[in-house]
Amino acid sequence: MNYSKKALKWATERSRNQPEFHQALMEILPTLQPFLDEHPEYERASILERLVEPERQIIFRVPWVDDTGAVRVNRGYRVEFNSAIGPYKGGLRFHPSVCMSIIKFLAFEQIFKNSLTGLPMGGGKGGSDFNPKGKSDNEVMRFCQSFMTELHRHIGSNTDVPAGDIGVGGREVGYMFGQYKRIVNRFTGVLTGKGLSFGGSLVRTEATGYGLVYMADKMLETLGTDFDGKATAISGAGNVAIYAAEKAAQLGARVVTMSDSDGYIYDPKGIDIAAVKQIKEQRRGRIREYLEYREGAQYVEKGLVWSVPCDVALPCATQNEIDEHGAALLVQNGCAAVAEGSNMSTTIKAIGILQGGGVLYAPGKAANAGGVAVSGLEMAQNNVRQTWTFDDVDKKLQDIMRSIYTNISETAERYGAKGNLVAGANIAGFEKVAQAMLQQGIV
Ligand code: GLU
């Protein structure tokens, strides 16, 4: 058995009942083998065994009081997975599905993603099974304050820097930052995704979606085309989906679908992004409300976005949203490129179907790295107490996304997997982290 297989078996056996984490291990470890064959020193140093074992895993109680006066209890998590190349960095997810398996898969992916950005950030992730949907502002604030009252002792601007993810946006980051500052009596860049008036970076809100489209644009360039006139299917209607849609439309794409957990909208003329922003960012409403804004649009309850024919697909909802059926539909409909805005959007079998069907596919850890990259730029600005202009940050984001694409496609080619951006991203992300771990000794 080769080293990556041995490590995969070992890691899977010691993390029982963690299917999402197993999936991430299964997607990543085998692709590293060609690199490991060239570098036997990593097996001698048990780098994979160390890499798959989080440096620290924190689980805590989050008690809070709802608007009726009832005491509620949720569970909080922070997995500090790897700090070889920088402080732990990664978002917080508030969603009822959150459990250790999901946080571990996200934190593990984050190690590779953050390495690919070229910025000095380790990998971490956290969150809670708290469901912000339907909660009042005051309930969300009390929850965030309680969450931070425990989390604060584990984080710091040079230790671990959380940010947003599903269910955590500017409002939640603001409440958590306020509570952190109050407890420690220090104003530091301990979170990213902050408001612009207290250390946030321009472009952070747009970064994941914009970065995703910058990456997809490079992919289309490789295929000898561009976004102009391309039917683009987007799933989700959160922060990533909205700004992916906005940038794709700016580049001439026709965004035909967006969705939430209830269903999807189809607008053959191209979705009106301002309307979606109004619904999601102002009203905190449901995507079906789009029908109030546009004639000729349709709403399909519980439908699958990928059944709508498209040239480019940008999954921006959540993990495993493209399964074998969805992948087969995309191939059948002649989709040319899939770039993941959500983390691990595609199941392993579905990745095989896309790649086998000639679709150029970029995994989330490369394609959605723009969000955390601008978080890295926010940390840099906080450290030097400066604020850069929108154009400065946007330009840096474009450069980062382009160099990630070049890096992963060249790495894939170098290791005999031309066009396989999964292998390219995994090896390129691993290379730097593994080298840092080796040089730092047995820690
Ligand atoms: N949650 C985002 C991600 O998956 C952003 C993390 C961050 O900015 O730290 O990469």
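For the sequence shown, position 332 matches number 401 in the numbering used here, and the numbering has no gaps at all. From the three backbone atoms N, C-alpha and C, an ideal C-beta is built for every residue, glycine too. Note that this is a predicted model, so its numbers are computed, not measured.
Boundaries of the beta strand (DSSP E) in which residue i is found, first to last residue
i, result
"Ala382", "Val381 to Pro384"
"Val230", "Asp229 to Ala232"
"Lys287", "First-last for Lys287: Arg273 to Thr291, but that is the alpha helix (DSSP H), not the beta strand (DSSP E)."
"Ala408", "Ala406 to Ala408"
Helix, strand or coil at residue i according to DSSP, with G and I counted as helix
i, result
"Glu118", "helix"
"Thr81", "helix"
"Gln388", "coil"
"Ile511", "coil"
"Gly339", "coil"
"Asp329", "strand"
"Leu373", "coil"
"Arg454", "coil"
"Ile334", "strand"
"Gly485", "coil"
"Thr480", "helix"
"Tyr368", "strand"
"Ala505", "helix"
"Thr22", "Shown here, the chain extends from 70 to 512; a query on residue 22 therefore has no answer."
Span of the alpha helix (DSSP H), counted from its first residue to its last, around residue i
i, result
"Glu208", "Asp206 to Leu220"
"Gln248", "Gly239 to Val253"
"Lys316", "Asn308 to Gln319"
"Ala302", "Taken as a continuous stretch (DSSP letters only), Ala302 belongs to no alpha helix (DSSP H), being part of the beta strand (DSSP E) at Ala300 to Ser304."
"Val428", "No alpha helix (DSSP H) contains Val428, which DSSP labels as neither H nor E."
"Gly395", "Glu393 to Gln401"
"Ala93", "Pro88 to Ile97"
Neighbour-count burial assignment, residue i, 16 or more Cβ in a 10 Å radius
i, result
"Glu107", "exposed"
"Pro132", "exposed"
"Ile128", "exposed"
"Gly258", "buried"
"Pro88", "exposed"
"Lys194", "buried"
"Gln508", "exposed"
"Thr100", "buried"
"Asn451", "buried"
"Asp336", "buried"
Beta-carbon proximity list for residue i, same chain, < 6 Å, skipping 5 on both sides
i, result
"Asp198", "Asn143, Arg144, Pro165 and Val167"
"Asp392", "Thr416 and Ala419"
Contacting residues, own chain, Cβ-Cβ under 8 Å from residue i (five flanking each side not counted)
i, result
"Thr186", "Ala438, Val441, Ala442, Gly445, Ile469 and Ile473"
"Glu447", "Gly258, Thr261, Gly262, Lys263, Gly268, Gly269, Ser270 and Arg273"
"Arg298", "What sits at residue 298 in the sequence shown is Gly, not Arg. Gly321, Ala322 and Arg323."
"Asn476", "Leu185, Gly493 and Ala497"
"Gly233", "Gly160, Leu161, Gly239, Glu241, Val242, Gly262 and Asn308"
Any chain C beta carbon closer than 7 Å to residue i
i, result
"Leu185", "As a matter of chain content, chain C is missing from the structure shown, which is built from one protein chain."
Other residues of its chain near residue i: CB distance less than 7 Å, five sequence neighbours each side excluded
i, result
"Tyr362", "Asp341 and Ala344"
"Ala93", "Phe174, Phe177, Glu178 and Met413"
"Gln388", "Glu89, Ser411, Asn412, Met413 and Ser414"
"Gln126", "Val148"
"Leu490", "Tyr430, Ala431, Pro432, Ala435, Ile477, Ser478 and Ala481"
(message) Suppose only complete runs of 4+ residues qualify. What are the alpha helix (DSSP H) ranges in the region 113-185, listed by chain order?
(response) 116-120 and 169-185
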